[in-house]
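For the sequence shown, the positions run 1 to 282 when the UniProt record's numbering is used.
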Amino acid sequence: MLDVVAQGAVPIGHTASYYYVGKTPAVAFGTSVPFGLTAQQQNAWLYEGGGLDLLQELYRERFNVIQFPAGNTGVQMGGWFRKEISTPDDMRGLKMRIPGLGGQVMDRLGVTVQVLPGGEIFQALQTGAIDAAEWVGPYDDEKLGLHKAAKFYYYPGWWEPGPTLEVQVNLDEWNKLPDVYKAAIRTAAFEANMVMLARYDARNNEALQRLLNEGVELRPYSDEILKAAEEAAFSLYDELSQQDADFKSIFEQWKQFREGIYRWHSTNEVSFAKYYSKPFTG
Numbered sequence: 001m002l003d004v005v006a007q008g009a010v011p012i013g014h015t016a017s018y019y020y021v022g023k024t025p026a027v028a029f030g031t032s033v034p035f036g037l038t039a040q041q042q043n044a045w046l047y048e049g050g051g052l053d054l055l056q057e058l059y060r061e062r063f064n065v066i067q068f069p070a071g072n073t074g075v076q077m078g079g080w081f082r083k084e085i086s087t088p089d090d091m092r093g094l095k096m097r098i099p100g101l102g103g104q105v106m107d108r109l110g111v112t113v114q115v116l117p118g119g120e121i122f123q124a125l126q127t128g129a130i131d132a133a134e135w136v137g138p139y140d141d142e143k144l145g146l147h148k149a150a151k152f153y154y155y156p157g158w159w160e161p162g163p164t165l166e167v168q169v170n171l172d173e174w175n176k177l178p179d180v181y182k183a184a185i186r187t188a189a190f191e192a193n194m195v196m197l198a199r200y201d202a203r204n205n206e207a208l209q210r211l212l213n214e215g216v217e218l219r220p221y222s223d224e225i226l227k228a229a230e231e232a233a234f235s236l237y238d239e240l241s242q243q244d245a246d247f248k249s250i251f252e253q254w255k256q257f258r259e260g261i262y263r264w265h266s267t268n269e270v271s272f273a274k275y276y277s278k279p280f281t282g
């Protein structure tokens, strides 16, 4: 999508930026990175923390494109596994469908990473060609029937804590538009960003209950696995910062914002969530 929009073959497209990390890993910040920001935090960074300005500068200089946030799934689930996993040792040697930077982190944990299109995941998981797979969350995973191919459903999806979709517009075509049309695109993208998240939050709960009724077993990732994955993720970011100046520039600003909003949310959002989650988590 990014290529055809950049070339002007189509004037506008809707996609996720992390599909294009091969061009520059910096674009991943437009969608989500492992152990990054939740949807609410991502919106704060994009709209009020300078994130959107940084990304639009990157897109303008590298691709002749302007982009706007236009959708979010919320924190995704942590994937379907054919067997239980408890420690990083249990991860080693597993064949897992997981793309992007999350896949690169899994590779560092000893996972054999597979990249498969959505339509091929069910059969690969059912036949044992892969041992695990991630897709999105209950609402979308149920549609693929992944609960019929693997029993254990892990959470959270630490590699996509708040994945944002985006509208990409060819910059030459954008500059031709009257201001009222530009405002219409900005407004439509903003509405899509809000409505998509609301729909996922409303529908994922219902889908999860149906999956549990089908015998799916929910499992949290252990702290040991999460810690190992987080360390691997930030080791990867340090390496990418040395290799890509655009990544380094955005990462340094993003990391500072992340620290601040984590501190604030730990004081307020997380403390409240811990209280209301007690009846469900014990």
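Beta carbons: idealized from backbone N, C-alpha and C, even for Gly.
Check	Outcome
Element boundaries [alpha helix (DSSP H), containing H265]	245-267
From L240, F152, G74, residue whose alpha carbon lies closest to that of S86	F152
P138, DSSP secondary structure in three states	helix
Distance between beta carbons of N72 and L226, contact taken as under 8 Å	No, L226 and N72 are not in contact; Cβ-Cβ is about 22 Å, not under 8 Å.
Closer than 9 Å to chain C by CB, P117	The chain labelled as chain C is not found in the depicted structure, where only one protein chain is given.
Simplified DSSP assignment, three categories, for M106	helix
Any 3 or more C-beta pairs closer than 8 Å across the region 113-122 and the region 182-193	no
Span of the beta strand (DSSP E) around E57	It is not in any beta strand (DSSP E) - E57 instead sits in the alpha helix (DSSP H) that spans 51-63.
Cβ-Cβ distance between G93 and G79 below 9 Å	no
Start and end residues, beta strand (DSSP E) containing K182	Note, K182: premise wrong, no beta strand (DSSP E); alpha helix (DSSP H) at 179-213.
Whole-number beta carbon distance between V169 and V65, since they are thought to touch under 8 Å	7 Å
Run of the alpha helix (DSSP H) containing Q40, from where it starts to where it stops	39-43
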